[in-house]
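Student: Submitted below is the structure of interest, expressed as structure tokens.
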Amino acid sequence: MKYPEALQLTSKPLHLAGLCWGHREAPTWLALHGWMDNAASFSRLAPLIAEKLGIRIIALDFSGHGHSGHRPQRSEYSMWSYCHDVLDVMDTLALDQVTLIGHSLGAGVASIIAAINPQRVDHLILIDGLLGRLSSPSRFLRQLEQGLSDQRRTSSSPPHYDSTESAIEVRVRKSILPIDAETVRPIALRNLKGSPDTGYRLRLDRQVTSTKPVSFSEEQAIAILQNIKCPALLVQGHEGIIPSRDPDNTCRQALSDLTQVSLEGGHHLHLEPNSASEVAKAIIDWASSNGLTVPASR
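Position 284, counted from 1, in the sequence shown is what UniProt numbering calls 284; the numbers after and before it change by one each time, with no gaps.
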């Protein structure tokens, strides 16, 4: 694993941090992580892609995650609100057009941006994610009630851990989707602040874990995906979430130029030590076929 460069990406309206792989002068891709993760989600995948394709990959810590700043109390960390983080970074770095690569939540954020700002996204890479868990009329009021209740709840202090290993153990045990300690380690370590002498606390804004008051309906999701005009790649794990989130293939069919690849692995297959190289190969092959490589002489 090649060590990345730590970046401070924006200071206003909110401090946003990230990690970077590749040469500063190379074409830039932005990588967007999943819910409760951070930029280290791409620590195994990004160096493989950046070196092979001759590009620069900047992985963003969404607001409330990793080393980025937190939003004010009673803020909503909805999928669409993270679009501002990405667009702020693009504006700060003067990136008129980029390739977006998103995992899970990040895949949804990338899809929204590609749909509403098609001139700013030339290619779209989705890793085991589309537009999140879709809403239904039967769930709508219950979700709205829970979301508003969560926002009014007084924030509790972040948990304290005696060691990094104990923090990793808790992350594995409490994960909604199966993940092992070696896979989650880069994410968990970036999410901690402290020292062996004082112990460790989570950097994550506790508001991130609140129920979102509103989610997209299937009809809204289809409308978004149908407006994506750029070539798109979906890499999904055999044990990932796509089959349960899009059982009838309805959302995937809404994308007009979609290539699908299914690989061994779970929801975090791009971070799994045994799967990351295969994910990289799938992305490199697709990118090469779409002319996204940079000559070796760069």
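Heads up, the beta-carbon is just placed ideally off N, CA and C, and yes, glycines get one too.
1. Which same chain residues end up closer than 7 Å to Glu182 when comparing Cβ atoms and leaving out the 5 residues on each side of it in sequence?
2. Got a sec, what are the start and stop residues for the alpha helix (DSSP H) His84 sits in?
3. Nearest CA to the CA of Arg126: which residue from Val170, Asp88, His33 and Pro159?
4. Identify the residues that DSSP records as bridge partners of His268: which are they?
5. Under 7 Å Cβ to Cβ from Gly199, same chain only, skipping five residues before and after it: list those, please.
6. Per the DSSP calculation, Tyr200 is bridged to which residue(s)?
7. Should Arg185 be labelled buried (16 or more other beta-carbon atoms within 10 Å of its own) or exposed?
8. Just the C-alpha distance for Ala167 and Asp197, rounded to the nearest angstrom, thanks.
9. Put Ala26 into one of helix, strand or coil per three-state DSSP.
10. Would you please state the rounded distance, in angstroms, between the beta carbons of Lys193 and Arg201? I believe it to be under 8 Å.
11. Between Ile224 and Ile49, which are expected to be in contact by the criterion C-beta below 8 Å, what is the C-beta distance as a whole number of angstroms?
12. Could you name each continuous alpha helix (DSSP H) segment of 4 residues or more that falls completely within the region 110-183, going from the start of the chain to the end?
13. Return helix, strand or coil for Gly108, following the three-state DSSP convention.
14. Run the CB neighbour count on Asp257, radius 10 Å, all protein chains shown included, and call it buried at 16 or more, exposed below.
15. Could you check which residue in Thr259, Ser244 and Gln220 has the C-alpha nearest to that of Pro137?
16. Tell me the residue span of the alpha helix (DSSP H) that contains Trp21.
17. To the nearest angstrom, how far is it from the Cα of Glu5 to the Cα of Arg142?
18. Assign Ser63 to one of three DSSP states: helix, strand, or coil.
19. Provide the residue span of the alpha helix (DSSP H) that contains Gln73, from first to last.
20. Taking all protein chains shown into account, decide if Gln73 is buried (16 or more other Cβ within 10 angstroms of its Cβ) or exposed.
21. Going by DSSP in three states, Leu255 sits in which element: helix, strand or coil?
22. Check Ile49 in the structure and name its three-state DSSP category.
23. Between the C-alpha atoms of Ile55 and Leu189, what's the straight-line distance to the nearest angstrom?
24. Identify, in the order they occur along the chain, each residue of the same chain with its Cβ nearer than 7 Å to the Cβ of Ala107, setting aside the five sequence neighbours on each side.
25. Would you mind reading off the limits of the beta strand (DSSP E) that contains Ile101?
Tutor: Let me lay it out:
1. Pro273
2. Tyr82 to Thr92
3. According to the sequence as given, residue 126 is Leu; it is not Arg. The residue with the shortest Cα to Cα distance from Leu126 is His33.
4. DSSP, once it has assigned bridges, lists no residue as partnering His268.
5. His160, Tyr161 and Asp162
6. Tyr161 and Gly194
7. buried
8. 15 Å
9. coil
10. 6 Å
11. Actually they do not touch by this definition, with Cβ atoms about 26 Å apart.
12. 137-152 and 164-174
13. helix
14. exposed
15. Gln220
16. Unbroken run through Trp21 is the beta strand (DSSP E), Leu16 to Trp21; no alpha helix (DSSP H).
17. 43 Å
18. coil
19. No alpha helix (DSSP H) holds Gln73; DSSP gives it neither H nor E.
20. exposed
21. coil
22. helix
23. 26 Å
24. Leu126, Ile127, Gly129 and Leu130
25. Val98 to His103
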